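Asks: Mind having a look at this structure? Questions to follow.
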Amino acid sequence: MEGIQTQEAPQAPAWVALKDDELLACRICDLGVRIAGSELEGRVAQFQEELAGRGLAFRPDCYLGDEWFSPEGVPAIAIPFYLAHPRLKTLELHQMLEVEGGTPDWCQKLLRHECGHALDHAFRFSAREDWRALFGSPETEYQPETYQPRPYSKGFVQHLPNWYAQAHPDEDFAETFAVWLAMPPEQWREEYRGWKALEKLEFVNAAIEQVKSTSPKIKRGRRISDASKLRKTLARYYTERRKLYAEDFPDFYDADLRAIFGSSEPNGESAARLMRKNRVALVGSIVRWTGQRKYTVDMLVRKLIQRCQQLGLTASVDGTRQSFELAAYLAAMVTNHLHTGRFKRSV
Numbered sequence: 026m027e028g029i030q031t032q033e034a035p036q037a038p039a040w041v042a043l044k045d046d047e048l049l050a051c052r053i054c055d056l057g058v059r060i061a062g063s064e065l066e067g068r069v070a071q072f073q074e075e076l077a078g079r080g081l082a083f084r085p086d087c088y089l090g091d092e093w094f095s096p097e098g099v100p101a102i103a104i105p106f107y108l109a110h111p112r113l114k115t116l117e118l119h120q121m122l123e124v125e126g127g128t129p130d131w132c133q134k135l136l137r138h139e140c141g142h143a144l145d146h147a148f149r150f151s152a153r154e155d156w157r158a159l160f161g162s163p164e165t166e167y168q169p170e171t172y173q174p175r176p177y178s179k180g181f182v183q184h185l186p187n188w189y190a191q192a193h194p195d196e197d198f199a200e201t202f203a204v205w206l207a208m209p210p211e212q213w214r215e216e217y218r219g220w221k222a223l224e225k226l227e228f229v230n231a232a233i234e235q236v237k238s239t240s241p242k243i244k245r246g247r248r249i250s251d252a253s254k255l256r257k258t259l260a261r262y263y264t265e266r267r268k269l270y271a272e273d274f275p276d277f278y279d280a281d282l283r284a285i286f287g288s289s290e291p292n293g294e295s296a297a298r299l300m301r302k303n304r305v306a307l308v309g310s311i312v313r314w315t316g317q318r319k320y321t322v323d324m325l326v327r328k329l330i331q332r333c334q335q336l337g338l339t340a341s342v343d344g345t346r347q348s349f350e351l352a353a354y355l356a357a358m359v360t361n362h363l364h365t366g367r368f369k370r371s372v
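Structure (structure tokens):
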């Protein structure tokens, strides 16, 4: 129609059409991804509306990094660069079997959590004696890979999986803030009624009330691992991450596998074949009930399939019992080693 001008849609980057092995050769800094114009723009805006709705003028600097984190001492939030484009989310899924923060709800939970860290970095709550008396010393050695959670403890809120508030005093504060931000006061007071964690929520509520109209002590800082400056290729990035998440399980499972399949008939179905047929269901169930990373669980199952084949193990004609035993064994293995992978690089 004459007189009406239509705005052309932005042209997709050339790398969008590349196959995975070709895309992996690209450097992160050359991808040119941004929060603006991506689905992250709306999610960050929603998160900022939550802050405004709770009367907070504080707005953490959000930028694309190599993973979810808040740089030490900096009031900022790094969001994984792969969330800024559907093609990169697909590659992340292919490489790591899941996309952390890939859904709107998951993304908001992580933004709220990291905001708790950024808020502490801005106002230095953790330097206060009353903060330390309630949450603990921030100088406590940070060992998210070895903390032993108490699932039924009422001293901590529950926001992210694996009772992450119990990993460190800093994580406790960040998780408490995330719950405070996600729920109106009447809801978190009711949900945590009778819990020691309620005292922490009330602390956060009072502390934020004190700084609502106060200028942060720390207003800016260096953007650690800024995606626009990362010169490593995607191939190197994923090699490093897989090495980080791939737990080195002790080689004690030969005896266990023999105990599960040792009484089988010599001419029965290959144990490796039985596991391959059930691999997707096994991995899905274990991930669901343990909260472990899908890549880690899948790696373990694949390793055990390979070992079953090397040992020449066979399953019974009716492998139902052995399937149950195998599922229970795998769940126990994953639970025992649940916290040996590093989930965060910094607070």
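Here the sequence shown is numbered in our numbering, starting from 26 and rising by one per residue.
By construction, the Cβ of each residue, glycine as well, lies at the ideal position given by its N, Cα and C atoms.
Values in this document were obtained by computation on a predicted structure and should not be read as measured data.
Output the boundary residues of the alpha helix (DSSP H) element that contains residue 210.
Replies: 210-216
Asks: How would you write the range of the alpha helix (DSSP H) that residue 309 sits in, first residue to last?
Replies: 296-315
Asks: Roughly how many angstroms separate the alpha carbons of residue 318 and residue 311, rounded to a whole number?
Replies: 10 Å
Asks: Whole angstroms is fine: what's the gap from residue 194's alpha carbon to residue 201's?
Replies: Spanning the alpha carbons of residue 194 and residue 201 requires a straight line of approximately 10 Å.
Asks: Give me the Cβ distance between residue 259 and residue 53, rounded to the nearest whole Å; I'm assuming they're in contact under 8 Å.
Replies: 7 Å
Asks: Closest by CA to residue 135, which one among 199, 38, 91 and 298?
Replies: 199
Asks: Decide if residue 65 is buried, meaning its Cβ has at least 16 other Cβ atoms within 10 Å, or exposed.
Replies: buried
Asks: If you follow the alpha helix (DSSP H) that residue 251 is part of, which residue opens it and which one closes it?
Replies: Looking at the DSSP string, residue 251 is not in any alpha helix (DSSP H), and its letter there is neither H nor E.
Asks: How would you label residue 141, buried or exposed, when you count the other beta carbons within 10 angstroms and need 16 or more for buried?
Replies: buried
Asks: State the CB to CB distance for the pair residue 187 and residue 316, rounded to an integer number of angstroms; the pair is presumed to be in contact (CB under 8 Å).
Replies: Contact annotation, residue 187 with residue 316: C-beta distance approximately 5 Å; criterion of less than 8 Å satisfied.
Asks: For residue 275, count the other beta carbons within 10 Å of its own beta carbon; 16 or more makes it buried, fewer makes it exposed. Which is it?
Replies: Bear in mind that the predicted position of residue 275 carries a pLDDT of just 46, short of 50, making it unreliable; the figure below should be weighed with that in mind. Per the 10 Å Cβ criterion, exposed.
Asks: Note down the Cα distance separating residue 214 from residue 226, rounded to an integer number of angstroms.
Replies: 8 Å
Asks: What's the gap between the Cα of residue 100 and the Cα of residue 178?
Replies: 30 Å
Asks: Going by the beta-carbon positions, is the gap between residue 283 and residue 338 smaller than 8 Å?
Replies: yes
Asks: Going by the CB atoms, is the gap between residue 82 and residue 242 shorter than 8 Å?
Replies: Judged by beta-carbon spacing, residue 82 lies beyond the 8 Å limit of residue 242, meaning their Cβ atoms are not closer than that value.
Asks: In the DSSP assignment, find the alpha helix (DSSP H) that holds residue 51 and state where it starts and stops.
Replies: Note, residue 51: premise wrong, no alpha helix (DSSP H); not H, not E.
Asks: Label residue 46 either buried or exposed according to how many other C-beta atoms from any shown protein chain fall within 10 Å of its C-beta, with 16 as the threshold for buried.
Replies: Of the residues assessed, residue 46 falls on the exposed side of the cut-off, its CB having fewer than 16 other CB atoms within 10 angstroms.
Asks: Extract the residue ranges of the alpha helix (DSSP H) inside the stretch 49-121, only unbroken runs of 4 or more that lie entirely within it.
Replies: 64-78 and 111-121
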